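In the numbering used here, the protein residues as written are 1108 to 2252.
Beta carbons: idealized from backbone N, C-alpha and C, even for Gly.
From a predicted model like this one, the values you see are computed outputs, not experimental measurements.
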């Protein structure tokens, strides 16, 4: 589902305006970020009129009609875009818009358009190949009928709110428009990228009370006033779901007649143009039936009488009237239930009050600036508290409580530190019953009943309750009347027997209250949470959109000792901490649950722990938290993360992404500036984790944007003597982040051993600073990894000079960095210097040619330290590699592993390879995968491997265009060679006959074997092959009988053979990978282990997952898959790391 978030105001955003400094700078976006040609919405009213005038003069395609001034005269921004896309479909609209912007001298918008147009294909298909040529052909009486219907709609929808639901004296504060959400109305049906088509199903989603229904009514009103896509939608109908599903069976035509009495004569004309019909659906929260369960019964006949749920499902799924446009209004929780039913929905999220609108609301409510400042300091001091004020109702509740406490002279920070405290004060003020009241027993029973009702509804995702629900919760008529009188419950619509909570937050609060109430007279003194309920609260991956999240916040807030005491005093009831212990026990077992998906921004648990605000509880809850993966998008994320990370005593690894909302520094007296100061302080608290937690060793920053002041805070924390960080990774960060302050960490932090910079545009000044730091005697870096950004020959020259002075740097990895042959020359020359201590060098996909091999060959002969070399994915060809084989014939060459994957080699090079293998005693591992060696070349290699002088232990020949022809030679080699312990022949078509030969050779070896068989449907296996492999294995597993390729893994204590395909289980010897994947890199040679270590994974606590490892497998560094276990050879790699980095104790 595509998604458009309404984050910004059209009036306040402009591509030409200067961006203010921010920790969260956001890219240029419009209120409907996915909309095609969104930049038109940034024109002023006068500029839009100029654009219309220019557009009328343009000629559309020859087979289309001309746009008229009458069509554009009253068109809004959205309608202009829609008409533009209809008359100039696909790429034509983009080109024309760019042309008109140029005529209007809008250079900034032209530049933005050019950037966007790079992703739009020239042959982008239009939505409608023949734009509308006919207008609505109506008789006068029919037009009068439509106008009469529009007048009725205007009369009905002019009153948007039910003002009887809340106290009349406060209606001016409760019933307010959310202006930024209103601006999305003309943008709802804009054509969407990448197909440039108008969405047929638009979902308006948002929180309860945010104004979804009000916005739907405004859409109907705008349509009736000819202000909403009047050229597109001739008919519009607004249905409440209860209207569709209640009563006996009926057809869609009958629904139309109910909405528009007297329209029977127009029905045939209405249905003849379904693409001009707009249907609005609301009230999904009141549905009790499940729509998606009866999909087989859905119908496309709009005149057929159907049960209400079937009819509604048919319309929503587009089985009926697929050409009609749907506008669906619902909460997040309802959307999750209906997703399987909706067809290609485009989702628009309503955000509610912006920060400025919240501040404006507080200014309207309070009489003096002093009261406003005092209230805002409390509310904005807790971002979760402040975020709840997104709706007018919650704003009114918060302001009314704060005002009462001000009048009492209470300390607001102490009495109302968070949202839980505010709701305690507000709801307790609604009940006259207190401790010592003669009706206390009745009140306690009513309180218990409403809590049961609320909790059952929350777990079952039900928001409307009937008499049966009230009876099951033991809520009698007196209790219902009391709750209605204080605006906690209200009747659902016009139905006297169905009820709902006046606001969802009331239901969430009472549901949470149920689990802290104490019942001394019962055997079980409290309503216990079971393990499944706790898991749903904590481990739900939806984050803030988890419909249970606010209930969980209230629950943790009520478990705070001070909040519990306030409830007891206010409501006269006894609370218990029984569930507090159960929650703590379950939280510490989170590692046993399924891991959260990577899209989860900040763990929901962090928000809950911030709400409880008890450091001892938080510390105990996070005692087994070893890895943090955080995507900081909002200020609230920063606040809760800073609070919780301070209590992660055993944190070892952090993956951090910081990117999101803006903040301004406009006025020294504005509340916004105070909010920014808080953000800066939260960031300081966050960074303090790097030096207060001595176990934190690994930091990876990805997709991050930081302003200089915040980079300064980070670098200061990383350079403190207490900081023990050993690995630092920057992936896709904004270039200014890599400033002098951050580079200084390399020299000031004596523990840092590993630095990675990838997918980042590194400026020349940064490279200069980096090379200067590498030459510094206090730089203890052992591994430098630079990927996916240009490294010029000049940069390589500076790195080469640094290699001479740095005695600690052991590993240098450059990948997709384009240093070219000249840059490689400088690095190879550095290898010849006796001061160079480099042991591992990787230049993968760096644009090298055979010329580089000429300068590399003497370096291989003279270097005394280089043991690992990878030149994968460079077009070295046979002529270039020939010089390397000559260098390898020298006994002084210390090279132990050589990777030449995808280097454009052929069988012509294999004679040189064979000659080098016969003379080189040090080379243990050779990767020649993805080269066209073919059978002739491999036969030559096998002859060399049969020589007793060959010491090679690992040979990888993946995708080398081998057939069964070479298998006889390979089998003979396997019988005679006793040094080779790993042979990879994956993704080669050696066929069943080749497999039989290899299995036979392996069977004849002295060691006992284990053979695992799985299947892949590519090459059919012969029956004879099945029998042969059945005789050759001692323990075998075969899953499937009809297959083409065979995945064959043969292992013993001294040997491993991998054939054909690569998908094996996580604990297998190795997984097949594509060229260039991390397991193929220099730091992960697939050398076999010693016999005693084969398959024995050491168990330790896994800092990569953040909690104790269930598999016990040690995670690999350098970005490898956690389930992937490299085979290791003694003396080549350290036992724990894949890049030669020695762990600092």
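Rounded to the nearest angstrom, the gap between the Cα atoms of residue 1845 and residue 1897 is 15 Å. Going by beta carbons, residue 1953 and residue 1931 fall inside the 8 Å limit. Residue pairing by DSSP puts residue 1437 in a beta bridge opposite 1312. When C-alpha distances from residue 2047 are compared across 2020, 2070, 1559, 2068, the shortest belongs to 2020. Within the stretch 1508-1577, the runs of alpha helix (DSSP H) that reach at least 4 residues and sit entirely inside it are, in chain order, 1519-1522, 1526-1537, 1547-1567.
Within the DSSP secondary-structure output, residue 1892 pairs in a beta bridge with 1863, 1920. In the three-state DSSP reduction, residue 1812 falls in the coil class, being neither helix nor strand. Relative to residue 1620, the option among 1958, 1557, 2033 whose CA is nearest is 1557. Inter-residue distance for residue 2102 and residue 2108 is about 10 Å (C-alpha atoms, whole angstroms). Residue range 1198-1210 is occupied by the alpha helix (DSSP H) that includes residue 1210. Excluding five sequence positions before and after residue 1995, the CB atoms of its chain that fall closer than 6 Å to its own CB belong to 2023, 2027, given in chain order. The residues 1362, 1415, 1418, 1419, in chain order, have a CB closer than 7 Å to that of residue 1351 in the same chain once the five nearest residues on each side in sequence are set aside. Assignment of residue 1869 by DSSP, reduced to helix, strand and coil, places it in the coil class. When secondary structure is reduced to three states using DSSP, residue 2017 falls in the helix class. Residue environment for residue 1815: exposed (fewer than 16 other C-beta atoms within 10 angstroms of its C-beta). If you check the CB distance, residue 1830 and residue 1793 do not come in under 8 Å. Residue 1916 places its beta carbon less than 8 Å from that of residue 1881. Here residue 1660 is near residue 1491, since their CB atoms are less than 8 Å apart. In this structure, DSSP gives residue 1610 a state outside helix and strand, which the three-state scheme calls coil.
Burial of residue 1748 is indicated by the presence of at least 16 other C-beta atoms within 10 angstroms of its C-beta. Counting along the chain, no alpha helix (DSSP H) covers residue 1456; the unbroken beta strand (DSSP E) around it starts and ends at 1453-1456.
Burial check for residue 1998: the Cβ neighbour count within 10 Å stays below 16, so the residue is exposed. Setting aside the 5 residues that flank it on each side, residue 1407 is surrounded in the same chain by 1426, 1427, each with a C-beta closer than 6 Å to its C-beta; the list follows chain order.
Contact annotation: residue 1839 and residue 1867 have beta-carbon atoms nearer than 8 Å. Cβ atoms of residue 1663 and residue 1606 stay farther apart than 8 Å, at about 28 Å. Contact check between the stretch 1908-1922 and the stretch 1878-1892: three or more CB pairs, one atom from each, fall below 8 Å, which counts as touching. DSSP, reduced to helix, strand and coil, places residue 1597 within a strand of the structure shown.
Under the three-pair Cβ rule at 8 Å, the stretch 1464-1473 does not count as touching the stretch 1323-1335.
In this structure, the straight-line span from the alpha carbon of residue 1392 to that of residue 1527 is close to 25 Å.
Burial is judged here by how many other beta carbons sit within 10 angstroms of a residue's own beta carbon; residue 1310 has at least 16 and is buried. Taking C-beta atoms as the reference points, residue 2004 and residue 2031 count as a pair closer than 8 Å. Taken through DSSP and simplified to helix, strand or coil, residue 1474 comes out as coil.
In the three-state reduction of the DSSP assignment, residue 1622 falls in the coil class, being assigned neither a helical nor a strand state.
If you ignore the 5 residues before and after residue 2002, its C-beta comes within less than 7 Å of the C-beta of 1967, 1973, 1974, 1976, 1995, 2029, 2030, all in its own chain and listed in chain order. Distance between residue 1787 and residue 1223, taken at the CA atoms: about 34 Å. The way I'd put it, the stretch 1330-1341 does touch the stretch 1180-1190; three or more beta-carbon pairs between them come closer than 8 Å.
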